[in-house]
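Colleague:
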Amino acid sequence: MLLLFIAASCLCACRGGPATQPATDAGRWIAAEPISELNLLGVDMADQRNGFAVGDIGLMNGAVLRTSDSGRTWQPVSRTDEILAAVDFVSITRGWVAGYAGRIQRTDDGGLSWKVQRIEHKNEIINSIFFLDHERGWAVGSGGLLLATNNGGEYWEVITTGRAEDLWSVTFITPSRGLIAGEEGLILLTENGGRDWIPQASHTAGALYGLAASNDYALVAGENGSILRTDDFKTWTAVESGTTESLNGVSLGGEECWAVGSKGTTMGSTDKGKTWKRASAAVSGDLISVSISAPASAVAVGRHGAVQYLRSE
Amino acid sequence: MKHSGIVGMLVTKFRSAIAAVLLVLAVSCPLDAHHMVLRFNLEEMTVTADRVFLGRCVGVEETQEMIAQGPLPITRYTFEVERAIKGRLPRLLRFSQLGHPTKPASGKTREITVHGRAVTADTFIHGMSEYQIGDRALLFLIPNYLGGKVTYPVGMDQGAFTVSRMPSGKELVRNGINNLDLFTARYNGTSMKSEDARVVHPDREVVVEPRGLSAASQAITSKRGALPLEQFIELVERINAAHGGIGGVVVERQ
Numbered sequence: 001m002l003l004l005f006i007a008a009s010c011l012c013a014c015r016g017g018p019a020t021q022p023a024t025d026a027g028r029w030i031a032a033e034p035i036s037e038l039n040l041l042g043v044d045m046a047d048q049r050n051g052f053a054v055g056d057i058g059l060m061n062g063a064v065l066r067t068s069d070s071g072r073t074w075q076p077v078s079r080t081d082e083i084l085a086a087v088d089f090v091s092i093t094r095g096w097v098a099g100y101a102g103r104i105q106r107t108d109d110g111g112l113s114w115k116v117q118r119i120e121h122k123n124e125i126i127n128s129i130f131f132l133d134h135e136r137g138w139a140v141g142s143g144g145l146l147l148a149t150n151n152g153g154e155y156w157e158v159i160t161t162g163r164a165e166d167l168w169s170v171t172f173i174t175p176s177r178g179l180i181a182g183e184e185g186l187i188l189l190t191e192n193g194g195r196d197w198i199p200q201a202s203h204t205a206g207a208l209y210g211l212a213a214s215n216d217y218a219l220v221a222g223e224n225g226s227i228l229r230t231d232d233f234k235t236w237t238a239v240e241s242g243t244t245e246s247l248n249g250v251s252l253g254g255e256e257c258w259a260v261g262s263k264g265t266t267m268g269s270t271d272k273g274k275t276w277k278r279a280s281a282a283v284s285g286d287l288i289s290v291s292i293s294a295p296a297s298a299v300a301v302g303r304h305g306a307v308q309y310l311r312s313e
Numbered sequence: 314m315k316h317s318g319i320v321g322m323l324v325t326k327f328r329s330a331i332a333a334v335l336l337v338l339a340v341s342c343p344l345d346a347h348h349m350v351l352r353f354n355l356e357e358m359t360v361t362a363d364r365v366f367l368g369r370c371v372g373v374e375e376t377q378e379m380i381a382q383g384p385l386p387i388t389r390y391t392f393e394v395e396r397a398i399k400g401r402l403p404r405l406l407r408f409s410q411l412g413h414p415t416k417p418a419s420g421k422t423r424e425i426t427v428h429g430r431a432v433t434a435d436t437f438i439h440g441m442s443e444y445q446i447g448d449r450a451l452l453f454l455i456p457n458y459l460g461g462k463v464t465y466p467v468g469m470d471q472g473a474f475t476v477s478r479m480p481s482g483k484e485l486v487r488n489g490i491n492n493l494d495l496f497t498a499r500y501n502g503t504s505m506k507s508e509d510a511r512v513v514h515p516d517r518e519v520v521v522e523p524r525g526l527s528a529a530s531q532a533i534t535s536k537r538g539a540l541p542l543e544q545f546i547e548l549v550e551r552i553n554a555a556h557g558g559i560g561g562v563v564v565e566r567q
């Protein structure tokens, strides 16, 4: 079955398409051929050339795909027994995936083999996983689910958040400072390594799906095109995004930021998220996740196998 | 009437051999294998179901029943119907699904588990939804098949939505795949084609036909994850009406 899947998927492995679009300040998004009917729910670039995407293949199965050419082409590397929604790599060899059954798996060989580190848990949905380094990681999901590890995922502790909302994204800036974004405008901040999480005023009731942070600023993005930013990780201010479409993912690198969402919406910023400009859509389907790997180099993925990659001018 | 999933395909095409095939499916399906189950959007799900209701599970009985040519494991569920959305339903609705539900894992080394739950190889059907007493759910059931003896939610787990309540009191629904593709799955042809669509248009700029829908119900089509119960029901009622369906009715006797 796995061989059949790989063979079939290889036939669908995308090639850089001709659908070039007008450039923004930070580059030009190019549509890749859709990867079959896969819904791609997460992407993470380990470096400028190598990255991984995860999604679903059918009702109950998931897939991991790898690119070695900055998102132009993708090859399936693994199939799982659950839909995958979360992926994070700390190097081109070590990474984790998780999804709709609470299971977490790690690879140490670039996706060729996977070790189950946390078994399936019925009704647990993991939406996001983030590792600060090779040892310290967190995962969040439905109904306030928060998991943490300090030994590379060998053991995952369930952290009580006291929240019932779905948590959509987690990131850490330092070992002590981390953020979570979730439903109903939820933003949580920890300053003690995840032991305590303090709700922050977001002034929105909409879901916040995407989250990205660096040492000196952070962004969240969500329903109705909302984008909020902060410089001190405590005071969040809504900025004009230029769209009312739902934004599902956001990524930043230096001063460059990208947010992606429904109907191929792609918004870019080159001033740390203070102002945003629309990039002409390279794909028409919903984009779910985006990952910046280097200046003017990024990949976004979404429903029905939608993939677009950013190329510098 | 077509059924979703491999069980339905087998029923339609191989009625004479159904008992044997179902037995094989039920008792020898490898645990790491998965049925080929079609993805449904909400409109096709609503049209495919003959009963849609919100209710609470009040009874679970595992048993066997003579179906076609042999005994098959089935589970009889009883739901107290709180709200009928499609179909004439008794206050206490009883229906049966093939297979037996999973059990809490004991942690023993030789135990077979799926999604962290213990299963018995000869009575387990992967992807079949299951309910425990007290569970509140919104179910889309296909017409009974195999002599009217069994049913299951449209698309297996897809047509079974569990209800949860937020601290604010807002109620949410979510199916086994986190509501994935409810408004984006293309029509699979089980009950209808894309040209027959009235409300959900995955390939159009406006995904949901706004006529007759509140702004709040239109808005849920761009949400991810759990969806607000009231708006979800409004949307299902709108879809049902758009296809000439009569609103659900709770009757005292079936």
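Residue numbers (the working numbering), protein chains in the order written: chain P, 1 to 313; chain L, 314 to 567. Think of the CB as a built atom: it goes at the ideal place given N, C-alpha and C, for glycine as much as any other residue. In this text, all values refer to a predicted model and were calculated from it rather than measured experimentally.
Is any beta-carbon of chain P found at less than 8 Å from that of A510(L)?
Modeller: One-based indexing of the second sequence puts residue 510(L) at position 197. Not one chain P Cβ lies under 8 Å of A510(L).
Colleague: For the stretch 186-211 of chain P, list every residue whose C-beta sits within 7 Å of some C-beta in chain L, in sequence order.
Modeller: Under the 7 Å Cβ criterion, the stretch 186-211 of chain P contributes A207, Y209.
Colleague: What span of residues does the beta strand (DSSP E) with R229(P) cover, start to end?
Modeller: Position 229 of the first sequence, counting from 1, holds the residue named residue 229(P). Residues 227-230.
Colleague: Got a sec: is the Cβ-Cβ distance from P403(L) to anything in chain P below 8 Å?
Modeller: The sequence position of residue 403(L) within the second sequence is 90, counting from 1. Closer than 8 Å: no.
Colleague: Counting only beta-carbon atoms, is M441(L) nearer than 8 Å to chain P?
Modeller: Within the second sequence, numbered from 1, the residue matching residue 441(L) stands at position 128. Cβ-Cβ to chain P under 8 Å: no for M441(L).
Colleague: What span of residues does the alpha helix (DSSP H) with N553(L) cover, start to end?
Modeller: Counting from one through the second sequence, the residue named residue 553(L) turns up at place 240. Where N553(L) is concerned, the enclosing alpha helix (DSSP H) stretches over 542-555.
Colleague: Which residues in chain L sit within 9 Å of K122(P), going by Cβ to Cβ distance?
Modeller: Here residue 122(P) corresponds to residue number 122 of the first sequence, with the count starting at 1. Under the 9 Å cutoff, chain L gives T415, V427, H428, G429, R430.
Colleague: Taking 6 Å as the limit between beta carbons, can you name the residues of its chain near L65(P), skipping five residues before and five after?
Modeller: The sequence position of residue 65(P) within the first sequence is 65, counting from 1. So the list reads A53, W74, P76, once near-sequence residues are dropped.
Colleague: Alpha carbons only, please: which of D69(P), R28(P), Q105(P) is nearest the one belonging to E82(P)?
Modeller: Within the first sequence, residue 82(P) is the residue found at index 82, counting from 1. Taking only the C-alpha atoms, the option nearest E82(P) is Q105(P).
Colleague: Kindly indicate which three-state DSSP category I387(L) falls into: helix, strand or coil?
Modeller: Position 74 of the second sequence, counting from 1, holds the residue named residue 387(L). Strand at I387(L).
Colleague: Helix or strand or just coil, what does DSSP make of R278(P)?
Modeller: Position 278 of the first sequence holds residue 278(P). It is a strand residue.
Colleague: Within the 8 Å Cβ cut-off, does G153(P) reach chain L?
Modeller: The residue given as residue 153(P) occupies position 153 in the first sequence. No, its Cβ sits nowhere closer than 8 Å to a Cβ of chain L.
Colleague: Express the C-alpha separation of A46(P) and L540(L) in angstroms, rounding to a whole number.
Modeller: Taking the first residue of the second sequence as position 1, residue 540(L) is located at position 227. Taking the first residue of the first sequence as position 1, residue 46(P) is located at position 46. Between L540(L) and A46(P), the C-alpha separation is close to 33 Å.
Colleague: Taking the alpha helix (DSSP H) that Q599(L) belongs to, which residues open and close that run?
Modeller: Missing from the structure shown is residue 599(L); chain L here goes from 314 to 567 and no further.
Colleague: Helix or strand or just coil, what does DSSP make of V350(L)?
Modeller: Counting from one through the second sequence, the residue named residue 350(L) turns up at place 37. Residue state, collapsed to three classes: coil.
Colleague: Put N441(L) into one of helix, strand or coil per three-state DSSP.
Modeller: Here residue 441(L) corresponds to residue number 128 of the second sequence, with the count starting at 1. The sequence given here places Met at residue 441(L); Asn does not occur at that position. The answer is coil: DSSP assigns M441(L) none of H, G, I, E or B.
Colleague: Using a Cβ cut-off of 8 Å, pull out every chain P residue sitting near K536(L), in sequence order please.
Modeller: Taking the first residue of the second sequence as 1, we reach residue 536(L) at position 223. Ordered by position in chain P, the residues that pass the 8 Å Cβ test against K536(L) are A207, E223, S246.
Colleague: Would you list the one or two residues that DSSP bridges to G285(P)?
Modeller: Looking up residue 285(P) in the first sequence gives position 285. G285(P) pairs with nothing; no bridge assigned.
Colleague: Is the Cβ-Cβ distance between A259(P) and A221(P) less than 8 Å?
Modeller: As a working note, residue 259(P) is residue 259 in the first sequence. As a working note, residue 221(P) is residue 221 in the first sequence. In contact: A259(P) and A221(P) (Cβ atoms closer than 8 Å).
Colleague: Since A218(P) sits in a beta bridge, which residues does DSSP pair it with?
Modeller: If you number the first sequence from 1, residue 218(P) lands on position 218. DSSP, once it has assigned bridges, lists A213(P), T230(P) as partnering A218(P).
Colleague: Does the beta-carbon distance from L188(P) to L179(P) come in below 8 Å?
Modeller: Sequence index remark: in the first sequence, residue 188(P) carries index 188 (1-based). Sequence index remark: in the first sequence, residue 179(P) carries index 179 (1-based). The answer is yes: Cβ separation under 8 Å.
Colleague: Using a Cβ-Cβ cutoff of less than 6 Å, which residues in the same chain neighbour D345(L) once the five nearest sequence positions on both sides are dropped?
Modeller: Looking up residue 345(L) in the second sequence gives position 32. Low confidence applies here, because D345(L) scores a pLDDT of 34, under 50, leaving its location unreliable and the question unanswered by this model.
Colleague: So for D69(P), helix, strand or coil by DSSP?
Modeller: Looking up residue 69(P) in the first sequence gives position 69. Coil at D69(P), not helix or strand.
Colleague: Spatial neighbours of D448(L) within its chain, please: CB distance less than 8 Å, with the 5 preceding and 5 following residues excluded, ordered by chain position.
Modeller: By 1-based counting over the second sequence, the position of residue 448(L) is 135. The residues are R369, C370, T475.
Colleague: Do you know how far the Cα of V140(P) is from the Cα of I490(L)?
Modeller: Here residue 490(L) corresponds to residue number 177 of the second sequence, with the count starting at 1. Here residue 140(P) corresponds to residue number 140 of the first sequence, with the count starting at 1. One C-alpha to the other measures close to 16 Å.
Colleague: Classify R524(L): buried if its beta carbon has 16 or more other beta carbons within 10 angstroms, exposed otherwise.
Modeller: The residue labelled residue 524(L) in the question sits at position 211 within the second sequence. R524(L) comes out exposed.
Colleague: Give the DSSP-derived three-state secondary structure of R28(P) in the structure shown.
Modeller: On the first sequence, position 28 is the one that residue 28(P) refers to. In this structure, R28(P) counts as strand in the three-state DSSP scheme.
Colleague: Any idea if R195(P) is buried or exposed, counting beta-carbon neighbours within 10 angstroms, 16 or more meaning buried?
Modeller: In the first sequence, the residue the question calls residue 195(P) occupies position 195. Label assigned to R195(P): exposed.
Colleague: If you reduce the DSSP assignment to three classes, tell me which class A303(P) lands in.
Modeller: Position 303 of the first sequence holds residue 303(P). What sits at residue 303(P) in the sequence shown is Arg, not Ala. Note: R303(P) maps to helix in three-state DSSP.
Colleague: Since Y309(P) contacts I30(P) with CB under 8 Å, what's their CB separation in whole angstroms?
Modeller: Residue numbering aside, residue 309(P) sits at position 309 when the first sequence is read from its first letter. Residue numbering aside, residue 30(P) sits at position 30 when the first sequence is read from its first letter. Right, their Cβ atoms sit about 6 Å apart.
Colleague: Check distances from the C-beta atoms of the stretch 254-286 of chain P to those of chain L and list, in chain order, the residues that come in under 7 Å.
Modeller: Listed by position along the chain: S262, D286.
Colleague: Assign E375(L) to one of three DSSP states: helix, strand, or coil.
Modeller: The residue labelled residue 375(L) in the question sits at position 62 within the second sequence. In this structure, E375(L) counts as strand in the three-state DSSP scheme.
Colleague: Tell me W138(P)'s beta-bridge partners as DSSP assigns them.
Modeller: By 1-based counting over the first sequence, the position of residue 138(P) is 138. According to DSSP, W138(P) bridges with F130(P), A148(P).
Colleague: So, does the stretch 254-270 of chain P touch the stretch 287-296 of chain P, judging by three or more C-beta pairs under 8 Å?
Modeller: Touching, yes.
Colleague: Less than 7 Å between C-beta atoms, sequence neighbours within five positions excluded: which residues of the same chain meet that for F130(P)?
Modeller: The count along the first sequence starts at 1 and reaches residue 130(P) at position 130. Excluding sequence neighbours, F130(P) sits near D88, G137, W138, V170, T171, F172.
Colleague: Compute the minimum distance between the beta carbon of T464(L) and the heavy atoms of the ligand PLP, and state whether it is under 7 Å.
Modeller: Judged by which ligands are present, the structure shown has none, so any question about the ligand PLP falls away.
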